[in-house]
Each structure stands twice: as structure tokens, then as C-alpha cells.
Amino acid sequence: MTDHRWTPSDSELSDALRKHYTAPSDPGYWSALEARILAHVARGAHVERWWSALVEMARPALAAAVILVLVAGAAVISAGPPSVTTAARASSVADGDATLDYMLSH
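Quick note on numbering: this note's numbering labels position 80 of the sequence shown as 80, and the sequence is numbered without any gaps.
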């Protein structure tokens, strides 16, 4: 269970949030905000989209993918095929016995 002894009551929390999120009462704030927004629109500033970061990372990501594929391929090639004794041993024992044999051998 959660111990609520150390948390503020709902009314205290609501009051704190209300104070924090109350709109500014100074009319100068709203005039300055409007001026900043209109200046930004008039300036026609270049707005970066979310995919701009992806464009910058495309080449490094492609290089990393190529390296990953090469390393994975080298690991598969160096591992080689499974040994014949493992394949023969697995096929000559029943499923339940193979599980028990595996558990006891490791």
C-alpha cells in the first residue's frame, strides 16, 4: 500500500498548481508576447522540422548499419556449421530424455 502521510492534500496541491499556472495579470506581458510572435512571423524565420535531425544523421546511421551487418556476417561465418555429434545426439534421444540429458550435462 502507498503511505500518503508525506504527500500534500488535494486542496494544497490544487492551490499550488493554480498559482503556478495562473495567467500573468500584467497587460504588458501580453503586449510583449504579441509583439514577439508578430516579429517572428514577419521575419519569416526558418523553422526546423522534426525530420531535420534525421537528415543530419542519415550518413552516420548508414555507415553504422553497414558495419553492423559486416560484424554479424563475420560472426556467422566464424561460428561455422553445428557439429555432427550434436545433430546426431539430438536426433537419437527422445524429447523428454533430451531435456533431462541437457539439464544434467550442464
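Backbone N, C-alpha and C define an ideal beta-carbon position, used for all residues, glycine too. Just so it is clear, the structure is predicted and the values come from calculations on it, not from any experiment.
- Message: So for Ala23, helix, strand or coil by DSSP?
- Response: For this step, residue 23 is matched to residue 23 along the sequence shown. Coil, per DSSP.
- Glu48 versus Leu54: straight-line alpha-carbon distance, rounded: Mapped onto the sequence shown, residue 48 falls at position 48. Mapped onto the sequence shown, residue 54 falls at position 54. The alpha-carbon atoms of Glu48 and Leu54 are separated by roughly 11 Å.
- Query: By DSSP, does Val47 sit in helix, in strand, or in coil?
  - Reply: Working through the sequence shown from its first residue, we reach residue 47 at position 47. Looking at Val47 - three-state DSSP - the assignment turns out to be coil, as it is neither helix nor strand.
- Query: If we ignore side chains and look at the alpha-carbon of each, how far apart do Ser52 and Leu70 end up?
  - Reply: By 1-based counting over the sequence shown, the position of residue 52 is 52. By 1-based counting over the sequence shown, the position of residue 70 is 70. Straight-line Cα distance between these residues: approximately 28 Å.
- Query: How is Ser9 classed by DSSP in three states: helix, strand or coil?
  - Reply: Numbered from 1 along the sequence shown, position 9 holds the residue referred to as residue 9. Coil at Ser9, not helix or strand.
- How many angstroms separate the CA atom of Val76 from the CA atom of Ala64? Within the sequence shown, residue 76 is the residue found at index 76, counting from 1. Within the sequence shown, residue 64 is the residue found at index 64, counting from 1. C-alpha separation (whole angstroms): 18 Å.
- Task: Following the continuous alpha helix (DSSP H) through Pro60, name the residue where it begins and the one where it ends.
- Result: What you label residue 60 is simply residue 60 of the sequence shown in a count that begins at 1. From DSSP, the alpha helix (DSSP H) with Pro60 extends over 52-79.
- Backbone CA spacing between Arg43 and Trp50 [nearest angstrom]: Reading the sequence shown from its first residue, position 43 is the one you call residue 43. Reading the sequence shown from its first residue, position 50 is the one you call residue 50. Cα to Cα, the separation comes out at about 21 Å.
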